[in-house]
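Comments concern the structure below.
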Amino acid sequence: MICTQTLFKELTTSKNLIERDFSEVADSTNQDVAYVIKEGELLLQEKGFLDTGLTATHKIGTGEPIWFAETISKRPKTLEYKNISDVTLYELNGPDIRQHVDKAGFLSKEIIRYSLARIYERNDSRRNFSFEDALYEERSEVNQVLFNQDETIFSWGDNSDSIYFIVDGQVSLRTIKDKNFVLLGSADSFGESSLITNKPRSLRAVAETDCRLFRMSSDWVLHNLNKEHPIVRLAIHQTLSMLSIRNQMRLIKTNDGVYVADTDSA
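This is the structure in structure tokens:
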């Protein structure tokens, strides 16, 4: 788990964060900066996302990103935000974020790169041979596990204790209505978002064929991530948070349902 409040304390001490009011930055799409919500709530808006032509909306709050994925990848800032309460933000400089990410370790770089590929639905850019080589060098530290065809790897609402890397085979991630959300194959990974943001599994993972996977435990993952600069850890959390938001919007668009944790039983 990466705790944003802990990162905020580390980064404010080192003067890497600048506090802003949302009213000061609402139209700053041409600036090379990213923001994290410190307090308050915003309505994320994306025109043209829904087939009906209506504007898609999603409410976001404390610890969630504004233009973070766009700043890391130097893409246009097409998402719009509207305040629905008083909102204060933390501002981070784009070049500083990218410089620290460029110097990060192999696991951190891959989580960010792979998350960005999923956010922007770029299937052609997922494979990363340097990451695969580095992971194989660490194979004594990670578990190799086998799953038979149709076997469930994890289900909706399960606690997040691992990230998986597919060595051989295919895995489907399924919605709460048990519809196929995405089909993954050799060299794909899954399970990052729930583990790092400390949320229950929102999708079900099923072996579509006999599979051989590397299982990276939470202890091993967090041991590697905790070596990183706070800006890198924040970049990981923010890209995964945006991936989760995008996935929820896609599930709502297709009417496939979104898993919601039962807080009464927690």
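Number 49 in my numbering belongs to position 60 of the sequence shown; there are no gaps in the numbering. We treat Cβ as the ideally placed atom computed from N, Cα and C, and that holds for glycine. Predicted model only: the values in this text are computed from it and were never measured.
Compute the distance between the beta-carbons of residue i and residue j, then report whether it is under 9 Å.
i, j, result
"I152", "S119", "no"
"I234", "I49", "yes"
"F143", "G158", "no"
"E59", "A23", "yes"
"L0", "I220", "yes"
"L214", "S97", "yes"
"K27", "E8", "yes"
"L105", "S62", "yes"
"T164", "L192", "yes"
"L21", "P84", "The displayed chain sequence assigns Asp, not Leu, to residue 21. Taking 9 Å as the Cβ cut-off, D21 and P84 qualify as a contacting pair."
Which one of the options has the shortest CA to CA distance from residue i?
i, options, result
"I73", "G83, S175, S12", "S12"
"E140", "G146, F203, D199", "D199"
"W56", "Q(-6), L232, W145, K216", "L232"
"D(-10)", "Q237, N236, S182, D245", "A small fix is needed here, since residue -10 is Met in this sequence, not Asp. It is S182."
"L240", "N5, S3, H47", "H47"
"Q169", "H212, A176, N236, N132", "For clarity, residue 169 is Asn in the given sequence; the question names Gln instead. Looking at the Cα atoms, N236 is the closest of the given residues."
"E121", "T67, Y103, I108, R107", "Y103"
"F203", "K4, E130, D10", "E130"
"D167", "N244, Q138, K66, E30", "N244"
"V160", "K188, E197, W209", "E197"
"V134", "E127, I155, E126", "I155"
"K71", "D91, L31, H212, N19", "L31"
"Y109", "A176, R201, T67", "T67"
"P54", "T(-7), K92, D16, K4", "T(-7)"
"D208", "D147, N132, Q138, K242", "N132"
"L173", "D10, R128, R201, D16", "R201"
"N82", "S17, M238, E126", "S17"
Taking residue i and residue j to be in contact with their CB atoms under 8 Å, please state how far apart those CB atoms are, rounded to whole angstroms.
i, j, result
"A194", "L162", "6 Å"
"H89", "H218", "5 Å"
"G52", "V25", "7 Å"
"V14", "L78", "7 Å"
"S149", "G180", "7 Å"
"R107", "W145", "In fact, because the Cβ distance is near 19 Å, the residues do not count as touching under 8 Å."
"L6", "E99", "About 26 Å separates the two Cβ atoms, so there is no contact after all."
"G94", "K216", "7 Å"
Hey, could you find the ends of the beta strand (DSSP E) residue i is sitting in?
i, result
"R9", "7 to 10"
"L81", "77 to 82"
"E69", "69 to 72"
"E28", "22 to 28"
What residue range does the alpha helix (DSSP H) around residue i cover?
i, result
"Q34", "Note, Q34: premise wrong, no alpha helix (DSSP H); beta strand (DSSP E) at 31 to 35."
"K98", "95 to 108"
Taking only runs that begin and end inside the region 115 to 199, name each unbroken beta strand (DSSP E) of 3 or more residues, in chain order. 132 to 136, 141 to 143, 151 to 157, 160 to 163, 169 to 173, 193 to 196
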